[in-house]
Amino acid sequence: MLIRCTILALLLVLPCCSTDTTEAGGGPEAEHPIAEVVTDEQAIADSFRALQDACIAHDGARAHELFAAATRAHWVYIKGLALNADKETLRRESMVVQLAVLVLRAKAGFETLESLDDVGMIQYALDNGLLGNQMILGNSLRDVEIDGDHAMSGARHAESGRDLEVRYGFAREGGKWRVDLQPTYAMANEIFAAKRAAHGVAEDEEEALYFLIGNATGTAGTEALWTPLSDLVGK
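According to the numbering used here, the sequence shown is numbered sequentially starting from 3.
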């Protein structure tokens, strides 16, 4: 499953050109500034580091700018589910999505969530630990593989040098490489399911969700969280 492609980190520099003053008295030609050509691999790494800086600074607007359209749309979708999805609809989603929705319901409430625009949604997720900060901070990229306007990368723990199971996506949009966390969330769901199976966890998914909600909010999850926030307005 791990990608085995070595990162190329080449910076191509164009030479600087100039001419001497001519005997006819012409002035020196303008020097051409050195042009630095950044490889896709470097641009991807720069984008990821910029996102890490935004997470550290809790800068939701900057994070929103650095995210690919798919990640932005993901959080708009999460907001819609939190406001309107009934239990049957929500249970068809992945565990990661269900957890995000239920934590939002436990923490935000209808008025707060409804008032958030796209940037505000990213800011709220960032401030409340829903964005996956723990899978972003402290890691570096490894084994980047580029396919046209899309790329995938593995992760390496920066301090220990240990390779991690986490993977990141990237998309070139508007001429810039942007971070797509959809593969990261998908991998988190796979890891969660695999660890539950490996350790023979007996409780059903709902019980596991309630436990995780308790860790995230300080209050154990209950059946009441499956009620759409829109159904609670005025009650």
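Backbone N, C-alpha and C fix where the C-beta goes; we use that ideal spot for every residue, glycine too.
From a predicted model like this one, the values you see are computed outputs, not experimental measurements.
DSSP places Ala173 in the strand class (E or B) of the three-state scheme. Secondary structure within the stretch 35 to 109: the beta strand (DSSP E) runs of 3 or more consecutive residues, fully enclosed, are 38 to 40 (chain order). Listed as beta-bridge partners of Asp182 by DSSP are Gly171. Asn86 counts as exposed, since fewer than 16 other beta carbons sit within 10 angstroms of its beta carbon. Taken through DSSP and simplified to helix, strand or coil, Leu115 comes out as helix.
The criterion of a C-beta distance shorter than 8 Å is satisfied by Tyr170 and Ala157.
Nearest in C-alpha terms to Met189, of all of Tyr212, Arg93, Val98 and Asp145, is Val98. The beta-carbon distance between Asp42 and Trp179, rounded to whole angstroms, is 7 Å. This is short enough to meet the 8 Å contact definition. Under DSSP, Arg158 takes part in a beta bridge, and its partners are Ser142 and Asp165.
With a cutoff of 8 Å on beta-carbon distance, Ile138 and Gln54 are scored as near each other. According to the DSSP secondary-structure assignment, Glu147 is paired through a beta bridge with Met154. Pairing Ala70 with Glu175 gives a Cβ-Cβ distance under 8 Å. Per DSSP, reduced to three states, the secondary structure at Val121 is helical. Note on Gly220: under 16 other CB atoms within 10 angstroms of its CB, so exposed under the neighbour-count rule. Three or more Cβ pairs closer than 8 Å define a contact, and the stretch 80 to 95 falls short of that threshold against the stretch 57 to 71.
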